[in-house]
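Residue numbers (the working numbering), protein chains in the order written: chain A, 41 to 374; chain B, 41 to 374; chain C, 41 to 374; chain D, 41 to 374.
All residues carry an ideal CB built from backbone N, CA and C; glycine is no exception.
Number of protein chains: 4
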Amino acid sequence: MHGGAFREPFAVTRSIGVIGVGVMGAAHARLLLHNTPGGRLAGVYDADAQRAASFGVKTFQDPLSLIRSDDIDGIVIASPDSTHADYVLAAIAEGKPVLCEKPIAATAAEALRIIDAEIACGRRLVQVGFMRRFDAGYLDLRRARIDGSLGKTQVLHNVHRNKAAPPWFHGAMVITNAFVHEIDISQWLLNSAVCSAQIFTVGSDGPLMITMQTEHDEVISTEVNMNCGYGYHVHAQLVGSAGTIEMAPPARTLLNQNGSQSFGFPADWIPRFIAAYRDQMHAWVMSHTTGAPVGASAWDGYTTTLIADELVEALAGFKRTTLTLPQRPDFYRD
Amino acid sequence: MHGGAFREPFAVTRSIGVIGVGVMGAAHARLLLHNTPGGRLAGVYDADAQRAASFGVKTFQDPLSLIRSDDIDGIVIASPDSTHADYVLAAIAEGKPVLCEKPIAATAAEALRIIDAEIACGRRLVQVGFMRRFDAGYLDLRRARIDGSLGKTQVLHNVHRNKAAPPWFHGAMVITNAFVHEIDISQWLLNSAVCSAQIFTVGSDGPLMITMQTEHDEVISTEVNMNCGYGYHVHAQLVGSAGTIEMAPPARTLLNQNGSQSFGFPADWIPRFIAAYRDQMHAWVMSHTTGAPVGASAWDGYTTTLIADELVEALAGFKRTTLTLPQRPDFYRD
Amino acid sequence: MHGGAFREPFAVTRSIGVIGVGVMGAAHARLLLHNTPGGRLAGVYDADAQRAASFGVKTFQDPLSLIRSDDIDGIVIASPDSTHADYVLAAIAEGKPVLCEKPIAATAAEALRIIDAEIACGRRLVQVGFMRRFDAGYLDLRRARIDGSLGKTQVLHNVHRNKAAPPWFHGAMVITNAFVHEIDISQWLLNSAVCSAQIFTVGSDGPLMITMQTEHDEVISTEVNMNCGYGYHVHAQLVGSAGTIEMAPPARTLLNQNGSQSFGFPADWIPRFIAAYRDQMHAWVMSHTTGAPVGASAWDGYTTTLIADELVEALAGFKRTTLTLPQRPDFYRD
Amino acid sequence: MHGGAFREPFAVTRSIGVIGVGVMGAAHARLLLHNTPGGRLAGVYDADAQRAASFGVKTFQDPLSLIRSDDIDGIVIASPDSTHADYVLAAIAEGKPVLCEKPIAATAAEALRIIDAEIACGRRLVQVGFMRRFDAGYLDLRRARIDGSLGKTQVLHNVHRNKAAPPWFHGAMVITNAFVHEIDISQWLLNSAVCSAQIFTVGSDGPLMITMQTEHDEVISTEVNMNCGYGYHVHAQLVGSAGTIEMAPPARTLLNQNGSQSFGFPADWIPRFIAAYRDQMHAWVMSHTTGAPVGASAWDGYTTTLIADELVEALAGFKRTTLTLPQRPDFYRD
């Protein structure tokens, strides 16, 4: 990395370019415009040039010129999934840090190419946007696991509910787009690799119940529900031999009105995780100076893709899937 | 039944005898002494004569003389499981209503003999003590299913936690003694028969995660945890296509003290379900006059035993158990 | 009382007559019909003969013949306030226990006549229907005060909200009909007599904030709100020098639907306090046999009326009212 | 202000100096070091030179040289209360924005001098550190008042509890140091000026109950409790004619352990309001460029001091204090 000698991290403000400013990329760009200490939005590329221009900063004609520009210190990738791998590889080739929305690549084979390139480069440059790792609730659960106060971890209950699947949502995306978050966050929470999984379905567009087992004899039980009808809702409870810890109800204020007490759910994941997105961006920008990687690595992105691929295959039947994951290289041990 | 002509149910106070006044039987006897409108404790049998005498009512030398006594209108059975079937059969022979603690019989074969005897007798005389059916929380969930406000029912999440298994607790009892409650209550809540089940274990005395599927394409996901460490805790959430309903936190008052806000869990199931036990006893006693059966029938007790037996067999492995349950006779349709 | 020698309280079922079966009296009559162990509804008087007959038990032509009937062991008074004192005095003259809805009398002078009569009779026969003393939440708060775990009691916060005042509700009734409950329950909770009070008003039909101080240097702060708009809601929090205890949110089940999580408030006080009414009736009937008075005494009813009268006078201005209450006679010490 | 032409606010990073880095000033300095987009810590003054140096940025020998330095764009004042007015006046003289911890001045007379100086200068340069205005919960309450969904506002209930008063805390500080927050936030929430107040005390170091009335016929009822024993706890509930809104329990995660469910309270106000402090600093720094004032003005600081002074006088007795506040100049209307 460029830095190193600064004792005050803020002496350098990183110039960040964003590739793709649809829903998610626009959220990242706004964070860089208004809410990222130590980072600034310095460039945007989008297939829609008008959309790119709307942020009021320099725009680029193509993604590779953004990646290679001397005005850009780091790259955020939020373009269509199929393009992720190429842009990540280009960023690695430039030796620039990259924050890539999940999935890291459309296929496991492409993800593996990224792994190879990053190891060859000798530096950890890739972070995958599993923003839940920066959510205060998940961080509380993880601390409780680490400090041992709940005893031996035994069960993790996850609930992942969307109000209604968008029209473009198709079968396998419940795994590759939604459940992939639980694959990452569960392994991170437990510091444990999953080794088997089984899916139970309800109707054609009803919830999935997915039961996974880990190398350390834990069970991860997840409801993935793309059409819960009432709002966006994510919940997790960690069960240990001496107690449990779970997210509190997601309420900031309570309303007594019209015969009931209530609080509202957000319509989608962005308001639910906006603080996590903000902290993820901040931590990522800070890591450019410190050089210490934070968040999900390329390896995490790769194995998550591997597991998701196997689950997509298993989705049809009730058979239990045994997962044999590759050994994590030392390069990816924190 | 004797009654029928009374327009005021309380014109008759039923005289009830209790067989077995250990922990559960003593709770029933106290309810009949102090808290059952329309019923009174009229006799007790217990192998420990001193314990039997402590309730200050008539005691009997043996269970059959209690069952056959002219002073006894109805019988509560809370003696050891192996004795249940014989006493239930004796009560049927006398034409007297009987409330039998679960299980209705130690084996499915014995349970079937009870079914045969009751059908032969031509009247529904047997109620099994699945008291959760009288819990206000479960009743709310069931009403929500019936009124259809949550749409198509899809998933039922159950949590069943005991602080610590007693010393005499052995492997299969987690099914036959604990999970048997979820088998009954889930089918009653959903009005749906289970047709497959699969068990996931955590260590030797850790929680079980049990996934069942029903004839109406619902999934029942249950954590049965005999050693949760923190207290007795039962929770259920019903997920429909248009929303969910779940039990509120079991708190009556909240304490702010010593750095935290808290409420306590009960040590065991009796305080948690004392109102359900009271309402069960009251409803059972009232049913002597109305003749309309309430609560779990002998058939419910029989099929619950069948399912539990299959699950005990399945406990060792990860294989999915397909359950083929006998057809419910018309005699047992409400 | 008749009893005394029975070791089993249920050996005797008390025959109770109810005078006045409007909203509140009908609720009492139903409790006696269906839900009062040891008691039964044996007679009803109401100015509306048809309404009286609807309970299916013996009806009386006038209240005094009910009170004096040999078929009636105890009397519940739920007739218009102006009649309370006469009926209570008649019951005392018969030596029969009486449960009188609040207020015990329309004026303090009448209440004093009851006190005199009861003391002359030499036995505690009168209970005033301050049912909140039987509410599980208030009982928890009181136990916390008694066991000393919260240290020195300092502040009691009360919230008393009705959805909308009925049309017949007029100014002073916010004190004499509504706040009178807080006068009784607060002194009972704290075991402390109030010695001053001050009222703050909001508009003509807005809430009152009433601050009272007690003989033991405590402050009781109450919002009395007859038109809160959203439902019936009663809450209390007791603040001590070492912590606080308060009622939990009044939710049995939680609904996730239409964008929010919610639970409902009851429309009025009867569902909120139905368990308290039931336990009050049960305890009152039991007290006929034990002879030990329970609940609010005639003295409590008298002093509550005294305080309410002074507050009605104070309602116009902001002046602080100093209350000088008569000394509690030994006859009324528990 | 210097800026104006920039369309991207982040093009300029403001250089901020902090005067006084004790508990509160150190928190501000850390926010500027790590967590303030658009701002950076550029200088520190503290009477303790070593403490000043610990932040790794330029230190100043005296406060006035910091205020006047060309390296400093804006000033945060967190030095002892008695020094506030002089430093604020010096900052105004330099035409630099200043964020001053409350109180704006030790006396109302000094505060008035600041008002005069700021009006003479012709620009709003002073913000008082009433950080609660940036708390997400209070913002929800205020929005509910503004959008009118709760009807006419009627009552605001405040609870302000500290675990234990520090040793240096003396009588009047419960008003000038603690309750002063409720004076500001209540008027801001209601957009209503208080016009009378009355204090009720409990013992010598027990809670105060303070009842205030506003120009718009609202009642503000506040418990100020410096020794609640259990933790730092701030709560507010706004009551309107059509419903209420209140802060949800301050829980992020819930722990089931050792017989109870619990969440922890923070030990003091900094963790409770850290997000509000962060957002306050960010908004203040952003306002340097936009020129639009945010937060509490010098006028708000002045009138809060006026009210606090009157309440300190009233603290001894039970008399009601009528407050006649000066008219807000147009200069201070938003």
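Of the residues the options, the one placed nearest residue i, counting alpha carbons only
i: C/P311; options: C/K98, C/R80, C/V61 and C/A67; result: C/A67
i: C/P206; options: C/D340, C/M266 and C/A145; result: C/M266
i: B/A160; options: B/A133, B/L179 and B/P143; result: B/A133
i: C/R163; options: C/P366, C/S327, C/L181 and C/A184; result: C/S327
i: A/D88; options: A/T76, A/H275, A/P77 and A/S119; result: A/S119
i: A/P137; options: A/I117, A/D121 and A/W309; result: A/I117
i: C/N231; options: C/T241, C/A93, C/V214 and C/E258; result: C/E258
i: B/G304; options: D/Q320, D/D86, D/P247 and D/L294; result: D/L294
i: B/P369; options: B/W339, B/R360, B/T362 and B/T345; result: B/W339
i: B/A125; options: B/A145, B/R108 and B/A131; result: B/A145
Residue i, DSSP secondary structure in three states
i: D/M133; result: The question names Met, but residue 133 of chain D in the sequence shown is Ala. D/A133: helix per DSSP, three-state reduction.
i: C/R47; result: In this prediction, C/R47 scores a pLDDT of 38, lower than 50, which makes its location untrustworthy; the coordinate-derived value is nonetheless stated afterwards. Here C/R47 sits in coil by DSSP.
i: B/L104; result: helix
i: B/A354; result: helix
i: B/L411; result: Nothing can be reported for residue 411 of chain B: it is not among the residues displayed for chain B, which extend from 41 to 374.
i: D/V264; result: strand
i: B/H322; result: helix
i: D/T343; result: helix
i: C/V97; result: coil
i: C/M41; result: Note on C/M41: pLDDT 31, under 50, position unreliable in the model; no value is reported.
i: C/S327; result: helix
i: C/S226; result: helix
i: B/I186; result: helix
i: B/S337; result: strand
i: A/H124; result: helix
Any chain C beta carbon closer than 8 angstroms to residue i
i: B/A45; result: Low confidence applies here, because B/A45 scores a pLDDT of 34, under 50, leaving its location unreliable; read the following figure in that light. Chain C contact via Cβ: absent.
i: A/H197; result: no
i: B/D447; result: Residue 447 of chain B is absent from the structure shown; chain B starts at 41 and stops at 374.
i: D/E263; result: yes
i: A/S300; result: yes
One or two residues paired with residue i in a DSSP bridge
i: C/F219; result: Partner(s): none; C/F219 has no beta bridge.
i: C/L295; result: B/I285 and C/S302
i: B/C140; result: B/I117 and B/V168
i: D/G83; result: D/G57
i: B/G280; result: B/T193 and B/G283
i: D/F240; result: D/M249
Beta carbon proximity, residue i to chain B, threshold 8 angstroms
i: C/G60; result: no
i: D/Q277; result: no
i: A/G304; result: no
i: A/P247; result: yes
Min CB distance residue i to chain A below 8 angstroms
i: D/M287; result: yes
i: B/N75; result: no
i: C/Y270; result: yes
i: D/T284; result: yes
i: B/P206; result: no
Under 8 angstroms from the C-beta of residue i: neighbouring residues of chain B
i: C/G135; result: Per Cβ cutoff of 8 angstroms: no residues; C/G135 is ~25 angstroms from chain B at best.
Residues that residue i contacts on chain B, provided the C-beta gap is smaller than 7 angstroms
i: A/F240; result: T251, Q253 and V259
Chain A contact residues for residue i, given Cβ-Cβ distances below 9 angstroms
i: C/F313; result: Those do not exist, as C/F313 stays about 18 angstroms from chain A at its closest Cβ, beyond 9 angstroms.
Partner residues on chain A for residue i, Cβ-Cβ distance less than 8 angstroms
i: C/H273; result: N296
CB contact check: residue i to chain D, cutoff 8 angstroms
i: A/T7; result: Lying outside 41 to 374, the shown extent of chain A, residue 7 of chain A is not represented and no answer is given.
Amino acids of chain C, ordered along the chain, whose beta-carbon sits closer than 9 angstroms to that of residue i
i: B/G177; result: R292 and T293
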